Amino acid sequence: MQNLLLDDFTKYKFLSSLKFSPNGHNCGFILHEVDLESNKYLSNIYILDDLNNTRKLTSFDEEKSFAWKNDDTIVFSSFRDKEDKERSEKGEPLACIYEIDIHGGEANKRTSIPLSISSMKFIDDDNMVLTSSFDPTTPDFKDLEKEEKESLFSEIKESKDYEILDEIPFWSNGTGFTNKKRERLYHYNFTTEEITPITDNYTEVESYELNEERTMMLIITTSYIDKMQTKTDIYLYNLSNKRLEKISPYNTFRYSYANFFQDKIIFIGSDMKNYGLNQNPKFYTMDLGGYNPLQISKDNFDYGTNNSVGSDCRYGKSTTTTVDGDYLYFVTTEGDSSFVNRINIEGEIEKLTNKKGSIDGLDVANNKVNFIGLRSLKLQELYSLKNKDETQLTHFNQWVMEERRLSIPEKLTFKTKEEVLIEGWVMKPIGYEEGRTYPAILNIHGGPKTVYGEVFFHEMQYWVNEGYVVFFCNPRGSDGRGNAFADIRGKYGTIDYEDIMNFTDTVLEKYTFIDKKRIGVTGGSYGGFMTNWIIGHTNRFRAAASQRSISNWVSKFATTDIGYYFVDDQIGATPWSDVDKLWEHSPLKYADGVSTPTLFIHSEEDYRCWLPEGIQMFTALKYHGVESRMVIFKGENHELSRSGKPKHRIKRLEEITNWFDHYLK
Numbered sequence: 001m002q003n004l005l006l007d008d009f010t011k012y013k014f015l016s017s018l019k020f021s022p023n024g025h026n027c028g029f030i031l032h033e034v035d036l037e038s039n040k041y042l043s044n045i046y047i048l049d050d051l052n053n054t055r056k057l058t059s060f061d062e063e064k065s066f067a068w069k070n071d072d073t074i075v076f077s078s079f080r081d082k083e084d085k086e087r088s089e090k091g092e093p094l095a096c097i098y099e100i101d102i103h104g105g106e107a108n109k110r111t112s113i114p115l116s117i118s119s120m121k122f123i124d125d126d127n128m129v130l131t132s133s134f135d136p137t138t139p140d141f142k143d144l145e146k147e148e149k150e151s152l153f154s155e156i157k158e159s160k161d162y163e164i165l166d167e168i169p170f171w172s173n174g175t176g177f178t179n180k181k182r183e184r185l186y187h188y189n190f191t192t193e194e195i196t197p198i199t200d201n202y203t204e205v206e207s208y209e210l211n212e213e214r215t216m217m218l219i220i221t222t223s224y225i226d227k228m229q230t231k232t233d234i235y236l237y238n239l240s241n242k243r244l245e246k247i248s249p250y251n252t253f254r255y256s257y258a259n260f261f262q263d264k265i266i267f268i269g270s271d272m273k274n275y276g277l278n279q280n281p282k283f284y285t286m287d288l289g290g291y292n293p294l295q296i297s298k299d300n301f302d303y304g305t306n307n308s309v310g311s312d313c314r315y316g317k318s319t320t321t322t323v324d325g326d327y328l329y330f331v332t333t334e335g336d337s338s339f340v341n342r343i344n345i346e347g348e349i350e351k352l353t354n355k356k357g358s359i360d361g362l363d364v365a366n367n368k369v370n371f372i373g374l375r376s377l378k379l380q381e382l383y384s385l386k387n388k389d390e391t392q393l394t395h396f397n398q399w400v401m402e403e404r405r406l407s408i409p410e411k412l413t414f415k416t417k418e419e420v421l422i423e424g425w426v427m428k429p430i431g432y433e434e435g436r437t438y439p440a441i442l443n444i445h446g447g448p449k450t451v452y453g454e455v456f457f458h459e460m461q462y463w464v465n466e467g468y469v470v471f472f473c474n475p476r477g478s479d480g481r482g483n484a485f486a487d488i489r490g491k492y493g494t495i496d497y498e499d500i501m502n503f504t505d506t507v508l509e510k511y512t513f514i515d516k517k518r519i520g521v522t523g524g525s526y527g528g529f530m531t532n533w534i535i536g537h538t539n540r541f542r543a544a545a546s547q548r549s550i551s552n553w554v555s556k557f558a559t560t561d562i563g564y565y566f567v568d569d570q571i572g573a574t575p576w577s578d579v580d581k582l583w584e585h586s587p588l589k590y591a592d593g594v595s596t597p598t599l600f601i602h603s604e605e606d607y608r609c610w611l612p613e614g615i616q617m618f619t620a621l622k623y624h625g626v627e628s629r630m631v632i633f634k635g636e637n638h639e640l641s642r643s644g645k646p647k648h649r650i651k652r653l654e655e656i657t658n659w660f661d662h663y664l665k
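Here this note's numbering is used: the first residue of the sequence shown is 1, the next is one more, and so on.
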């Protein structure tokens, strides 16, 4: 056994996009690997057959998504020809569609579509529906000669020198400027090559589902001009007569999922009335026309229908909700773990998994459940589920368990003065010896409505291998404990701060080998906000590392992709309704009292918590003579620690670790 190394994550395998074939005999998924030399992730399609044998289907390293055309054929978009890739890089909307037989053979290019495809689903062998980013300022390249295209390429190149904004949000983390751009839904016919828009220029498509007969489609959208709202709508589209009909039963509602279910429609959503944006949803059914909506889940069902268990060992997108037979299968976050559940038409919910960990993606066919999971301290693998028993199907990351020293999180709890139970964990350093004292790092999760659990977290395992105690908790504001526990609207920096400080006291009381004078604190996003808040309210930490943070709710409101509605909802004020409240909850207000040496990590293209959030706090500390350092990562966004360029992820973890080494060792 060897100590886990900082760059070991470059050898991990990450799984995503799990999808059964139509007959349920085979299961496709994407396996992502790191290529350090090219500083990127390599993605290929794999097949898990009905005997649970796994084989690699593609080897071009750029297949990040796919669709099943039929039981034997997979379709994906790729630029395998140099000329196609150059056209796309110059700004021409283009998707080259390839087909491959899952039983063997090379991928064949079937067609090129003048759209940048995000997703696709087949109606039959000759027709599909797809989503693509629609930009009204992008010229139409269809049927143009090469010389005409070159002229347009020059225009596109010149237009990159400026951006025109006339709506909010005007940019999005991970995407860039999005002004007037919409994820639009289309119908495509392979024989005629005809592309038919289904949604209009102002409608953003969030998800879509076909019925079993492939004659109708449910679409969840948000339509807006000037300002996007937080509410969404459900539309029903008839593929035969091309009729698109709004069937949302409630007006001010956040629909997160809708699908055909027996002879009805089942949907998941929230009215946001009692707990705002983060309110846990309920399950409903309605008639196909949108009539007779009925809540089928019980009022005491109080969990989010998604996975919010944190880890820095994932890559790619996966589905966690699907209909099969008489059930809707979905994932909940409960406590410190996520679980597979199913609900029937009567609203009876059955939990299908009981083990702790994380469900990162699932699909179901003919009552057969496969999922991507983080189990114990194992990295992602594929699992099957039968009669609530899990069977591990792959062992891509088994070497980590066999070859690296890992620390098992030890659970530690305490009760607040209000008798609220707070759960947390402590990880002892590798090679721990009684009688010695050790430095420690407090890690704070983002969200705030997410959770820490007992799953593999690379940065924490690395720190314990470097001789640190690592401790972390789920304070009030976290997910998994119901709406009331998660609701800290208007309370940021109060009860959540108290919980984290009291947890720190509990840790130090029990783990007496921690040197109280050598403790650091770090966190990202909300965890970065809390790190900024902590250093302005206590000097108990010897060093801090604030990542992708928030320092000023006034600037956060007006500059970020979600700011104008997130800040109003979470802090309970706008710059015009109560600027004093925004300032009261802003760490920047308390920066003149900071004495803790602090490192700031921020990405240049982080539009969720924009770069000036970190810069303001850094400038304030420098102004007041506090030891501080800032590292800005170019070409990265809010996801740096999870899906940033591999070399940037290495540099980030080096900077944080070196900072703590300097002040804590």
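Where a beta carbon is used, it is the ideal one built from N, C-alpha and C, also for glycine. Remember, it's a predicted structure, so these values are computed and weren't measured experimentally.
1. Between Q2 and L406, what straight-line distance do the alpha-carbon atoms span, to the nearest angstrom?
2. Output the residue ranges of the alpha helix (DSSP H) runs that lie fully inside the segment 540 to 590 and measure 4 residues or longer, sorted by chain position.
3. Are there any heavy atoms of the ligand SAH lying less than 8 Å away from the beta-carbon of C609, as far as the coordinates show?
4. With a CB to CB cut of under 6 Å and the five nearest residues on each side skipped, what residues in its chain are close to S207?
5. Using only CA atoms, which one of I345, D389, Q380 lies nearest to L352?
6. Between A486, T230, D487, E613, which lies nearest to G524 when the distance is taken from Cα to Cα?
7. Taking only the alpha-carbon atoms, compute the straight-line gap between N259 and D515 and give it to the nearest angstrom.
8. Would you give the residue range spanned by the beta strand (DSSP E) that R243 belongs to?
9. For V674, which of helix, strand or coil comes out of DSSP?
10. With burial defined as no fewer than 16 other Cβ atoms inside 10 Å of the residue's Cβ, what is the status of P602: buried or exposed?
11. Are the beta-carbon atoms belonging to G480 and S308 less than 9 Å from one another?
12. Secondary structure at A486, three-state DSSP: helix, strand or coil?
13. Which one of D61, M128, P22 has the shortest CA to CA distance from S38?
14. Looking only at its chain, what residues have a beta carbon closer than 7 Å to the beta carbon of T252, apart from the 5 residues adjacent to it on each side?
15. Tell me which residues share the same chain as P139 and place their Cβ nearer than 6 Å to its Cβ, disregarding the 5 neighbours each side in the sequence.
16. By Cβ distance below 8 Å, which residues in the same chain neighbour K264 in space, the five residues on each side in sequence not counted?
17. Are the Cβ atoms of G325 and N367 separated by less than 9 Å?
18. From the DSSP output, read off the bridge partner residues of P197.
19. Given a cut-off of 9 Å, decide if G482 and S17 are closer than it, judged by their beta-carbon atoms.
20. For G24 and Y41, I'd like the C-alpha separation in whole angstroms.
21. Mind pulling the beta strand (DSSP E) runs of 3 or more residues that sit fully within the segment 298 to 381?
22. Since I believe A107 is in contact with T58 (beta carbons under 8 Å), could you give me their beta-carbon distance rounded to a whole number of angstroms?
23. Hey, quick one: how far does the beta strand (DSSP E) through R214 stretch, first residue to last?
24. Compare the Cα-Cα distances from F20 to each of L4, D7, I45 and report the closest residue.
25. Can you list, in chain order, the residues of its chain with a C-beta nearer than 7 Å to that of S240? Leave out the 5 residues immediately preceding and following it.
26. Which of helix, strand or coil does DSSP assign to I441?
27. Alpha carbon to alpha carbon, how far is P93 from G453? Give it in angstroms, no decimals.
28. Do D200 and K668 count as a contact pair if the criterion is CB distance below 9 Å?
29. With DSSP as the reference, label T522 as helix, strand or coil.
30. Give me whichever residues DSSP pairs with Y208 in a beta bridge.
31. Flag this pair as yes or no: are the beta carbons of L48 and L653 separated by less than 9 Å?
32. Whole alpha helix (DSSP H) runs in the segment 396 to 421 with 4 or more residues, listed along the chain?
33. Assuming the contact rule is C-beta atoms closer than 8 Å, V369 and P429 should be a hit. Round their C-beta distance to whole Å, please.
34. Whose CA, out of G490, T506, I408, D505, lies closest to the CA of N465?
35. Residue range of the alpha helix (DSSP H) that Y663 falls in?
36. Can you tell me whether P439 is buried or exposed? The criterion is at least 16 other CB atoms within 10 Å of its CB, across all chains shown.
Result, derived from the coordinates:
1. Translated into positions along the sequence shown, residue 2 becomes position 2. Translated into positions along the sequence shown, residue 406 becomes position 406. Straight-line Cα distance between these residues: approximately 10 Å.
2. 553 to 559, 563 to 571, 579 to 584
3. This structure does not include the ligand SAH; it has no bound ligands of any sort.
4. As a first step, residue 207 must be located in the sequence shown, where it is residue number 207. Correct list, in chain order: I220.
5. In the sequence shown, counting from the first residue as 1, residue 352 sits at position 352. With distances taken between Cα atoms, L352 lies closest to D389.
6. As a first step, residue 524 must be located in the sequence shown, where it is residue number 524. Among A486, T230, D487, E613, the Cα nearest to that of G524 belongs to E613.
7. For the purposes of this step, residue 259 is identified with residue 259 of the sequence shown, where counting begins at 1. For the purposes of this step, residue 515 is identified with residue 515 of the sequence shown, where counting begins at 1. In a straight line, the C-alpha of N259 is about 55 Å away from that of D515.
8. Working through the sequence shown from its first residue, we reach residue 243 at position 243. 243 to 246 is the extent of the beta strand (DSSP E) around R243.
9. The structure shown has nothing for residue 674, since the chain only spans 1 to 665.
10. One-based indexing of the sequence shown puts residue 602 at position 602. A small fix is needed here, since residue 602 is His in this sequence, not Pro. Counting Cβ neighbours within 10 Å, H602 comes out buried, since at least 16 surround it.
11. Numbered from its first residue, the sequence shown carries residue 480 at position 480. Numbered from its first residue, the sequence shown carries residue 308 at position 308. A contact, by the Cβ cut-off of 9 Å.
12. Looking up residue 486 in the sequence shown gives position 486. The answer is helix: DSSP assigns A486 an H, G or I state.
13. As a working mapping, residue 38 is identified with position 38 in the sequence shown. The shortest Cα separation from S38 among D61, M128, P22 belongs to D61.
14. Looking up residue 252 in the sequence shown gives position 252. Residues K231, D271 of the same chain have their beta carbon placed closer than 7 Å to that of T252, with the five preceding and five following residues left out of the count.
15. Translated into the one-based positions of the sequence shown, residue 139 becomes position 139. Closer than 6 Å at the Cβ level, and outside the excluded window around P139, lie L152.
16. Taking the first residue of the sequence shown as 1, we reach residue 264 at position 264. Excluding residues within five positions, the ones whose Cβ falls inside 8 Å are T285, M286, D287, L288, I345.
17. Here residue 325 corresponds to residue number 325 of the sequence shown, with the count starting at 1. Here residue 367 corresponds to residue number 367 of the sequence shown, with the count starting at 1. A contact, by the Cβ cut-off of 9 Å.
18. For the purposes of this step, residue 197 is taken as the residue at position 197 of the sequence shown. Looking at the DSSP assignment, P197 forms a beta bridge with Y186.
19. Locating residue 17 in the sequence shown gives position 17, where the first residue counts as 1. Locating residue 482 in the sequence shown gives position 482, where the first residue counts as 1. Cβ atoms of S17 and G482: not closer than 9 Å.
20. The residue labelled residue 24 in the question sits at position 24 within the sequence shown. The residue labelled residue 41 in the question sits at position 41 within the sequence shown. Cα-Cα distance, rounded: 29 Å.
21. 322 to 324, 327 to 334, 337 to 343, 349 to 351, 357 to 365, 368 to 375
22. Looking up residue 58 in the sequence shown gives position 58. Looking up residue 107 in the sequence shown gives position 107. Indeed, because the Cβ distance is near 7 Å, the residues count as touching under 8 Å.
23. Here residue 214 refers to the residue found at position 214 of the sequence shown. R214 -> no beta strand (DSSP E), and no H or E assigned at all.
24. The residue you call residue 20 lines up with position 20 of the sequence shown. Of L4, D7, I45, the residue nearest in Cα terms is I45.
25. Position 240 of the sequence shown holds residue 240. T215, listed in sequence order.
26. Taking the first residue of the sequence shown as 1, we reach residue 441 at position 441. In the structure shown, I441 sits in a strand (DSSP, three-state: E or B).
27. Here residue 453 refers to the residue found at position 453 when the sequence shown is read from its first residue. Here residue 93 refers to the residue found at position 93 when the sequence shown is read from its first residue. Taking the CA atoms as reference points, G453 sits about 42 Å from P93.
28. Nothing can be reported for residue 668: it is not among the residues displayed for the chain, which extend from 1 to 665.
29. Mapped onto the sequence shown, residue 522 falls at position 522. In this structure, T522 counts as strand in the three-state DSSP scheme.
30. Position 208 of the sequence shown, counted from the start, is the residue given in the question as residue 208. As a beta-bridge residue in DSSP terms, Y208 pairs with I219.
31. Locating residue 48 in the sequence shown gives position 48, counting from the first residue. Locating residue 653 in the sequence shown gives position 653, counting from the first residue. In this structure, L48 sits away from L653, with a CB-CB distance that is not shorter than 9 Å.
32. 398 to 403
33. Taking the first residue of the sequence shown as 1, we reach residue 369 at position 369. Taking the first residue of the sequence shown as 1, we reach residue 429 at position 429. V369 to P429, Cβ: 38 Å. No contact.
34. Counting from one through the sequence shown, the residue named residue 465 turns up at place 465. Residue I408 is the option with its Cα nearest to N465.
35. Residue mapping note: residue 663 aligns to position 663 of the sequence shown, counting from 1. From DSSP, the alpha helix (DSSP H) with Y663 extends over 646 to 664.
36. As a position in the sequence shown, residue 439 is number 439, starting the count at 1. The residue is buried, with at least 16 neighbouring Cβ atoms inside 10 Å.
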